[in-house]
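Please read the structure below before turning to the comments.
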DNA sequence: ATAATTAATGTTATATTATTACACTGTTAT
DNA sequence: ATAACAGTGTAATAATATAACATTAATTAT
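Chains as they are written, first to last, in the working numbering: chain E, -2 to 131; chain H, -2 to 131.
Structure (structure tokens):
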């Protein structure tokens, strides 16, 4: 399987680095504050980098949180099939890697005659840790 | 099956009415502009109504669009299991009613030990109409 | 029936998230 | 070398959402 070679620009690399180092999803303005020492000064610089990184599948947006997380799944260069588990208590987010699930959803067809190119699934609940503490 | 009786307040009813009449999802501020003649003056009044309506399952939030749509599924009073199809071209949104899908996802467990209470799934593609036009 | 509790309201201000517009730079392809 | 494209920098502003506070209405418990 050929891996598409992607060149990252300076800003894109800076933004990717901080997202990859983070333990969880980061918000755009939190990224901004954290990269100001690296010369990125304006929201738009961050948003432009995010847009590109999403497009090439290096990161994903957690829609319910308006936050961005590094892709943890070598399969999704294309980023067209994403699933996450989100803890309602500690807010921990994990990308779900499950071949059965992704096959099921990728091949899903309903009666609308629409063939889907992309999906995003967000599961909510309590993670193992938080379940014990309750 | 007992149906939970839900009393809606004035503002909640106003907001629900406009969402139910709409052909597609509405944004919060578009709702606001449309209900100002009914006495709702501030964003917060809209957001509070939306919050309640979501909680009781009368409407859903389309996370990828920050927009709100009436529930089209008598099964989801609880609103804990939602799936939508979204056309990338005309932006039409439809709630997916598919018992197999909802069973599959409600019972889904990955290896994290997390049992999910809620999910939201958004599919993207071209609807029948837009596919023909391309 | 009334006190306590909970849910909803109204209003102002402000926080947070994201985009438009415009001028410019560097790289790639012909 | 020039057109096409992707990226940059900057300022301004649009769009989305919440905090804080004072008040009123509805529900529940005793």
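Quick reminder that beta carbons are idealized off the backbone N, C-alpha and C, glycines included.
Euclidean distance between Cα positions of residue i and residue j
| i | j | result |
| --- | --- | --- |
| residue 19 of chain E | residue 60 of chain H | 23 Å |
| residue 112 of chain H | residue 33 of chain H | 43 Å |
| residue 55 of chain H | residue 67 of chain H | 6 Å |
| residue 124 of chain H | residue 109 of chain E | 8 Å |
| residue 89 of chain H | residue 102 of chain E | 20 Å |
| residue 95 of chain E | residue 81 of chain E | 11 Å |
| residue 119 of chain H | residue 14 of chain E | 28 Å |
| residue 114 of chain H | residue 129 of chain E | 16 Å |
| residue 100 of chain E | residue 93 of chain H | 18 Å |
| residue 0 of chain H | residue 83 of chain E | Unreliable positioning characterises residue 0 of chain H in this predicted model, as indicated by a pLDDT of 39, which lies under 50. A coordinate reading is not provided. |
| residue 62 of chain E | residue 36 of chain H | 31 Å |
| residue 76 of chain H | residue 39 of chain E | 38 Å |
| residue 12 of chain H | residue 46 of chain H | 7 Å |
| residue 16 of chain H | residue 8 of chain H | 12 Å |
| residue 49 of chain H | residue 43 of chain E | 34 Å |
| residue 65 of chain E | residue 27 of chain E | 11 Å |
| residue 98 of chain H | residue 121 of chain H | 16 Å |
| residue 53 of chain E | residue 29 of chain E | 21 Å |
| residue 127 of chain H | residue 23 of chain H | 21 Å |
| residue 51 of chain H | residue 85 of chain E | 16 Å |
| residue 107 of chain E | residue 10 of chain E | 40 Å |
| residue 79 of chain E | residue 58 of chain E | 10 Å |
| residue 70 of chain E | residue 87 of chain H | 31 Å |
| residue 91 of chain E | residue 117 of chain E | 13 Å |
| residue 6 of chain E | residue 4 of chain H | 55 Å |
8 Å Cβ cutoff, residue i in contact with chain H
| i | result |
| --- | --- |
| residue 26 of chain E | no |
| residue 98 of chain E | yes |
| residue 68 of chain E | no |
| residue 124 of chain E | yes |
| residue 4 of chain E | no |
| residue 60 of chain E | yes |
| residue -1 of chain E | Annotation note: pLDDT 36 at residue -1 of chain E (below 50); position unreliable, coordinate value reported separately. Not closer than 8 Å to any Cβ of chain H, the Cβ of residue -1 of chain E fails to qualify, so no. |
Any C-beta of chain E under 8 Å from that of residue i
| i | result |
| --- | --- |
| residue 76 of chain H | no |
| residue 65 of chain H | no |
| residue 44 of chain H | no |
| residue 30 of chain H | no |
Unbroken alpha helix (DSSP H) run spanning residue i, endpoints
| i | result |
| --- | --- |
| residue 8 of chain E | 7 to 18 |
| residue 48 of chain E | 40 to 52 |
| residue 100 of chain H | 96 to 103 |
| residue 126 of chain E | 125 to 130 |
Start-to-end residues for the beta strand (DSSP E) that takes in residue i
| i | result |
| --- | --- |
| residue 84 of chain H | 78 to 84 |
| residue 28 of chain E | Counting along the chain, residue 28 of chain E falls outside any beta strand (DSSP E), though it belongs to the alpha helix (DSSP H) covering 25 to 32. |
| residue 92 of chain E | 90 to 92 |
| residue 58 of chain E | 56 to 59 |
| residue 37 of chain E | Residue 37 of chain E -> no beta strand (DSSP E), and no H or E assigned at all. |
Problem set entry | Under 7 Å (Cβ pairs) to chain H, residues found in the region 107 to 122 of chain E | 107, 109, 110, 111, 112, 113, 114, 115, 116, 117, 118, 119, 120, 121 and 122
For this session: Select from the region 85 to 96 of chain E all residues with a C-beta closer than 9 Å to any C-beta belonging to chain H, and list them in chain order.
Result: 85, 91, 93, 94 and 95
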